[in-house]
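Participant: Anchor point for the sequence shown: position 275 equals 275 in this note's numbering, and the numbering is continuous, going up by one each time.
I'd like to ask you about the structure that follows.
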Amino acid sequence: MSEAPAARRAASADRARSADLLLRQPEPRSGRRVLLARVAALCAVELQKLRHDRTELYTRAVQPALWLLIFGQTFTHIRAIPTGGIPYIDYLAPGIIAQSAMFIAIFYGIQIIWERDAGVLNKLLVTPTPRFALITGKAFAAGLKSVVQALVVIVIAAALGVALTWNPLRLLGVLAVVVLGSAFFSCLSMTIAGIVLSRDRLMGFGQAITMPLFFASNALYPVSVMPGWLQAVSRVNPLSYEVDALRGLLLGTPARLGPDFAVLTGAAALGVVAASALLGRLAR
């Protein structure tokens, strides 16, 4: 007999709690939680794109494969570039990984211009999501896309006999380096998009800076063989620090991993600040 009143009291308590939840204003999410939610959402979008259309992944794998097959194997036989006693194709592989990731990220501003033209960007900007969270989410989404590309290049390099490490911790470090480097270059692209405001101009700027950034780094040859002025450019080029870290992690060559990670993290953070500041101008 006592079970029925107890059940009624429990049901009444549940209804009271439900009414309280409806009447009480939800607690606002902190900036950190908004940032993590935005990053996770945009990374999930990139994964969905790759899952539904793998054409871009296959076509973008052609260029790094050609670099390794033609340029790498040819200069391995010529032995014209000092590589510290390792085969040139081994020396080249980390540079091609960084190059393929940069080529994906550097045109990421085109996507945000497309979103502006389609009206998506204005809808995102009227939400409570901070602008820096939106930019950070897009930057790390570009990093995720570059990670997939980097894994493809690693498989190609291994198939060509490049002596890469398979230490899980080092491979995690490789993924972190690729994400940080891609985050910077995607933010650089979005910053340029906020300045030039059109896809055609952005394409021109992207094509104008990608190859100079690549050749003004240590991706193809050591910094020591460069002329003095190019060495100075290489020291301020984030791609050089990305390649240096990748070589140290994948090949075990001497590298300054601490400064490399510090430079890449600082560059990514500055890129987020710059792109966030120009996001409102892009949306006008």
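For each residue, glycine too, the CB sits at the ideal point set by N, CA and C.
None of the values given here were measured: they were computed from a predicted structure.
Using C-beta distances below 6 Å, list every residue in its chain close to G206, excluding the 5 sequence neighbours before and after it, in chain order.
Facilitator: Excluding sequence neighbours, G206 sits near I106, F107.
Participant: I'd like to know whether the C-beta atoms of L250 and V174 end up nearer to each other than 8 Å.
Facilitator: Yes, the pair counts as a contact, with Cβ atoms nearer than the cut-off.
Participant: Could you check the C-alpha separation between F103 and L230 for me, to the nearest Å?
Facilitator: Rounded to whole angstroms, F103 to L230 spans 21 Å at the Cα level.
Participant: Using only alpha-carbon positions, find the residue among T253, G266, R51, L279 that is nearest to K145.
Facilitator: Considering only alpha carbons, the answer is R51.
Participant: Curious, which full-length alpha helix (DSSP H) runs of at least 4 residues does the region 60 to 139 contain?
Facilitator: With a minimum length of 4 residues, the continuous alpha helix (DSSP H) runs that stay inside the region 60 to 139 are 62 to 66, 73 to 78, 88 to 105, 108 to 117, 120 to 125.
Participant: How should P212 be labelled, buried or exposed, when 16 other C-beta atoms within 10 angstroms of its C-beta is the threshold for buried?
Facilitator: Per the 10 Å Cβ criterion, exposed.
Participant: What's the gap between the Cα of P259 and the Cα of V179?
Facilitator: Cα to Cα, the separation comes out at about 16 Å.
Participant: Are the beta-carbon atoms of P227 and L264 separated by less than 8 Å?
Facilitator: No; because the gap between Cβ atoms is not below 8 Å, this pair is not in contact.
Participant: What does a CB cutoff of less than 6 Å around R281 pick up in its chain, not counting 5 residues either side in sequence?
Facilitator: If we look at R281 and ignore the five residues flanking it on each side, its Cβ neighbours are G194.
Participant: Could you pull out every residue in the same chain whose Cβ sits closer than 7 Å to the Cβ of Q73, ignoring the five residues on either side in sequence?
Facilitator: Around Q73: I89.
Participant: Comparing alpha-carbon positions, which option in G248, L171, A150 lies nearest V62?
Facilitator: It is A150.
Participant: Does DSSP put M226 in a helix, a strand or coil?
Facilitator: Of the three classes helix, strand and coil, the one that applies to M226 here is coil, per DSSP.
Participant: Going by the beta-carbon positions, is the gap between V236 and F140 smaller than 8 Å?
Facilitator: Not closer than 8 Å, so no.
Participant: Among the candidates R284, A216, F185, whose CA atom is the shortest distance from the CA of A101?
Facilitator: It is F185 whose Cα lies nearest to the Cα of A101.
Participant: Assuming L246 contacts I97 under a Cβ cut-off of 8 Å, what Cβ separation, rounded to an integer in Å, is found between them?
Facilitator: The Cβ separation is near 6 Å, so the contact holds.
Participant: Our contact map puts V152 next to A93 with C-beta atoms below 8 Å; I'd like the distance itself, whole angstroms only.
Facilitator: Actually they are not in contact, since the Cβ atoms of V152 and A93 sit about 12 Å apart, beyond 8 Å.
Participant: Just reading off the alpha helix (DSSP H) that G161 is part of, what are its end residues?
Facilitator: Neither: G161 is in no alpha helix (DSSP H) and is coded neither H nor E.
Participant: For I154, which of A65, I70, V225 has the nearest alpha-carbon?
Facilitator: Checking every option, the nearest Cα to that of I154 belongs to A65.
Participant: How big is the Cα-Cα spacing for G119 and I112?
Facilitator: In a straight line, the C-alpha of G119 is about 10 Å away from that of I112.
Participant: Could you tell me if S276 is buried or exposed, where buried requires 16 or more neighbouring beta carbons within 10 angstroms of its beta carbon?
Facilitator: Result: buried.
Participant: Considering only the beta carbon of each residue, do S224 and S240 sit closer than 8 Å?
Facilitator: Their beta carbons are not under 8 Å apart, which means S224 does not touch S240 by this criterion.
Participant: Here's a check: name, in chain order, each residue in its chain whose Cβ is nearer than 6 Å to the Cβ of A142, leaving out the five neighbours to either side.
Facilitator: Contacts found: A105, Y108, S182, S186.
Participant: Taking C-alpha atoms, which residue in T165, V196, L125 lies nearest to G252?
Facilitator: Looking at the Cα atoms, T165 is the closest of the given residues.
Participant: In three-state DSSP terms, what is S276?
Facilitator: In the structure shown, S276 sits in a helix (DSSP, three-state: H, G or I).
Participant: Quick check on L279: buried or exposed, where buried means 16 or more other Cβ atoms within 10 Å of its Cβ?
Facilitator: By the 10 Å Cβ count, L279 comes out buried.
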